[in-house]
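> Heads up: the sequence shown at position 8 corresponds to 171 in my numbering, and the numbers run straight through without jumps.
Sharing a structure below in structure tokens format, with a few things to ask.
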Amino acid sequence: YKSTTEIYNNKVWQDVYKKEIKGIPVYIKFKLFQDHFLLTSFKPDES
164 YKSTTEIYNN KVWQDVYKKE IKGIPVYIKF KLFQDHFLLT SFKPDES
């Protein structure tokens with residue numbers, strides 16, 4: 164859906180995905196920091 168840097172730290176990248184899982188639209192956000200992916204948000208997509 165989109166890829167951007169964090170507001171306060173331009174060295175940390177965030178990727179946002181919108182996906183449907185078992186018929187439920189979800190919003191998933193990952194951060195890439197020092198070669199590690201961190202899941203930072205997983206919630207129903209209300210948009």
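Backbone N, C-alpha and C fix where the C-beta goes; we use that ideal spot for every residue, glycine too.
Inspect the beta-carbon positions of K181 and I191 and report whether they are closer than 9 Å.
yes
> What did DSSP end up calling D178 once you bin it into helix, strand or coil?
Under the three-state reduction of DSSP, D178 is assigned to strand.
> Kindly list the residues whose CB is nearer than 6 Å to the CB of T203, restricted to its own chain and excluding five residues on each side of it in sequence; keep chain order.
K192, K194
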